Structure formats: C-alpha cells, structure tokens
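Enquirer: Each residue of the sequence shown is one higher than the last, beginning at 0 in numbering that gives the first Met the number 0. Here you go, one structure.
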Amino acid sequence: MKLAVSTYSLSRWMRDNNKSINQAIDWIADHVRGIEFVGIPVDKGQDPIRKARAIRRRCEQRRLKIVGYCTGANLLQTKPREQAKVINEVKQQVDVAAALGAPSMRHDVAHGFGDDWKGPRTDAAAFRILVPAVRQIADYADSRGVKTSLENHGFYLQSSARVDRFIQAVNHPNYGLTIDIGNFLCVAERPETAVPRLAKHAIMAHIKDFHIKPKTRAPDVGWIITPKSIAIRGAVVGHGDIDLLSCLKSLRRSGYDGWLSLEFEGLEEPAQGVELGLTYAERLIKSL
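This is the structure we're talking about:
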C-alpha cells in the first residue's frame with residue numbers, strides 16, 4: 000500500500016494561512032507521492048476543466064500522482080427533473096476528474112430522506128431511485144476512463160450492512176467503494192469489524208482516526224454526537240481509539256494493495272497533524 004494525502008486534510012491550513020491550492024500541492028509533494036482532491040477551487044467565471052488541467056500539470060511537475068477525486072451529490076430526489084439535474088452535475092464532475100487524470104471519483108449518493116418524501120422510508124424505496132442514477136453515472140464515467148465509488152459517510156449510506164446491500168444492488172463493473180476506516184464510528188459501528196465486511200468492494204481507501212467517548216461525557220465543542228450512544232472527535236492518525244493495523248490487515252487480506260489517502264479531522268494544527276499521522280501510517284504499512 001502507498002500513502003497519499005487528501006486536500007481535505009489541509010483545508011483549514013489553507014484557509015487560516017491564506018494558502019493556495021498550488022501551495023497545498025507543494026506541501027503534500029514534500030511528504031508523500033500521492034494526492035487526492037476533494038473538489039478543486041474554481042473562481043467565478045473560470046473554466047473548471049482548464050483549472051483541472053493546470054492542477055494536473057502542477058502535480059506532474061512535482062511528480063505527485065493524483066490518486067482520486069471526491070465530490071458531493073444528493074441523488075435521492077423525488078422529482079425526476081431535480082434528479083436529472085443532479086446527475087448532470089455529477090457527470091460534469093466526472094469530466095473534472097478525467098481532466099485531472101484521476102483514476103477514480105467518489106461521489107456522494109444521498110443525505111437521507113428529505114422533508115418532501117412521501118411513502119415508506121425504506122431502503123427498497125430509496126434504492127429504486129438511487130440505483131438507476133448511480134448506474135447512469137458509472138456508465139458515463141466508464142466512457143471517460145474514471146471509476147466511480149461510494150464512500151461510507153453521511154449517516155445514510157454509512158453502516159457496513161447498508162453499504163454492502165447498495166453496492167450489490169448497483170452491481171456495476173465501474174462502481175466500487177472508497178472505504179473510510181474511521182467513518183463507521185459515525186453510526187457507532189466498530190471499524191475493526193466493518194472493514195472486513197466491505198474490503199472486497201474497495202477501490203480506494205481513507206485512513207482516519209477518532210477519539211471515542213460516551214455521548215453523555217462529550218464536551219460541547221469539537222465532538223460529533225452520533226445517532227447512537229457515542230461521541231467522536233477527529234484524531235491524529237495513530238492517536239485515536241481505532242485499531243488501524245487490524246483494519247489494514249483486513250484490507251490486505253482482501254487483496255487491496257492500492258493507495259491509502261490520509262484524512263485528518265482533528266483540532267490540532269493541520270500540517271503537524273498530517274505529518275504525525277503519516278509517520279504512524281508509514282510504520283503500520285511496514286509492519287503488514
């Protein structure tokens with residue numbers, strides 16, 4: 000496995016220090032050989048494809064491999080016209096991923112049932128709307144040389160059981176999973192048991208860590224209160240409560256030997272948090 004850094008990890012560093020995307024690229028290139036983009040900054044009136052190509056050239060100059068691209072979406076729309084609009088927007092993001100030269104693109108699928116939803120709030124009802132849309136996007140992405148994926152995040156498509164059912168329902172050769180080791184905790188599911196269940200679907204992996212405590216003892220600031228009994232806070236990779244080595248071994252046993260993109264969500268200074276996490280992650284990879 001090889002380490003990359005998600006630009007998401009440095010978003011606060013960029014904002015607080017007025018750093019550009021090129022400066023983030025340079026920082027990441029000084030530490031690892033892979034970068035994952037969570038969106039790209041595009042000024043008003045700027046062509047996103049031209050911007051993506053410029054970013055790609057910068058990465059090539061720094062010998063930095065673009066390993067993936069991530070974008071948002073909410074395909075669970077009750078009105079066909081609204082869903083068609085979202086599908087088209089995601090296809091435009093596929094074009095950005097292709098311009099970057101990214102081999103894969105994670106796009107969100109759904110945030111859950113909206114206030115305008117009528118009828119039973121079941122997986123079957125949601126999947127009837129979501130599955131054809133995801134297949135349509137996967138078909139388009141295949142024509143552009145980009146593989147699409149779901150990430151376990153956002154509460155709705157987050158538990159290993161539901162994610163597994165959804166990927167099997169889509170059943171598309173150009174669709175897989177960006178498996179985020181830490182995010183299972185958002186629904187109080189232990190990553191050490193969830194990762195083995197889903198590793199077979201992984202085409203990309205995020206390494207992330209969290210501190211965990213009972214929600215009744217969580218401070219008011221900095222903690223995510225989950226729908227279950229726990230609260231979590233982003234941690235430096237290796238400083239939290241997840242058995243990351245166990246999770247990586249599960250990925251390795253499944254045959255995954257791709258990129259591990261580090262995501263840092265802690266309260267610590269981001270650059271330091273990412274550096275410390277990379278040091279620990281490198282140690283884990285060497286011990287596999």
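For each residue, glycine too, the CB sits at the ideal point set by N, CA and C. Since we're looking at a predicted model, the values are computed, not measured.
1. Starting from the C-beta of A168, find all residues in its chain whose C-beta is less than 7 Å away, skip the five residues before and the five after it, and write them out in chain order.
2. Less than 7 Å between C-beta atoms, sequence neighbours within five positions excluded: which residues of the same chain meet that for L197?
3. For R57, does the three-state DSSP call read helix, strand or coil?
4. How about E268 and K207: do their beta carbons lie closer than 7 Å?
5. To the nearest angstrom, how far is the alpha carbon of N17 from that of T121?
6. Would you grab the beta carbon distance between A187 and I229 for me? Rounded to a whole angstrom, and I think it's under 8 Å.
7. Hey, would you say Y68 sits closer than 7 Å to A96, going by beta carbons?
8. Between which two residues does the alpha helix (DSSP H) holding T192 run?
9. Can you name, in chain order, every residue of its own chain whose Cβ lies under 7 Å from the Cβ of Y7, other than the five neighbours on each side?
10. Identify the residues that DSSP records as bridge partners of L259: which are they?
11. Note the first and the last residue of the continuous beta strand (DSSP E) segment covering A230.
12. With C-beta atoms as the reference, is V66 less than 7 Å away from A3?
13. Near K248, what residues of its chain come up, given a Cβ to Cβ distance below 7 Å and the 5 sequence neighbours on each side ignored?
14. Return the Cβ separation of L241 and G181 in integer angstroms, given the expectation that the two are a contact with Cβ distance under 8 Å.
15. Taking only three categories from DSSP, how would you classify T278?
16. Confirm, please, whether the CB-CB distance from V93 to V133 is below 7 Å.
17. What does the alpha-carbon distance come out to for the pair A270 and R252?
Expert: By the coordinates alone:
1. If the five residues before and after A168 are omitted, its C-beta is found closer than 7 Å to the C-beta atoms of F126, V130, all from its own chain and listed in chain order.
2. Around L197: S159, V162, D163, L176, I178.
3. Here DSSP, grouped into helix, strand and coil, assigns R57 to helix.
4. Taking a C-beta distance under 7 Å as the contact criterion, E268 and K207 do not qualify as a contact pair.
5. Rounded to the nearest angstrom, the two C-alpha atoms are 45 Å apart.
6. About 5 Å separates the beta carbons of A187 and I229, which is inside the 8 Å limit, making them a contact pair.
7. A contact, by the Cβ cut-off of 7 Å.
8. Residue range 190-197 is occupied by the alpha helix (DSSP H) that includes T192.
9. Apart from the 5 residues on each side of it in sequence, Y7 sits with its Cβ closer than 7 Å to the Cβ of V37, E262 in its chain, given in chain order.
10. Beta-bridge pairing by DSSP links L259 to L2, A204.
11. Where A230 is concerned, the enclosing beta strand (DSSP E) stretches over 229-234.
12. In contact: V66 and A3 (Cβ atoms closer than 7 Å).
13. Once the five neighbours on either side are set aside, the close Cβ partners of K248 are L287.
14. Correcting the residue type first, residue 241 is Ile in the shown sequence and not Leu. Your pair I241 and G181 checks out as a contact, with CB atoms roughly 6 Å apart and the cut at 8 Å.
15. Residue state, collapsed to three classes: helix.
16. Against a cut-off of 7 Å, the Cβ pair of V93 and V133 comes out as no contact.
17. Rounded to the nearest whole angstrom, the C-alpha separation of A270 and R252 is 32 Å.
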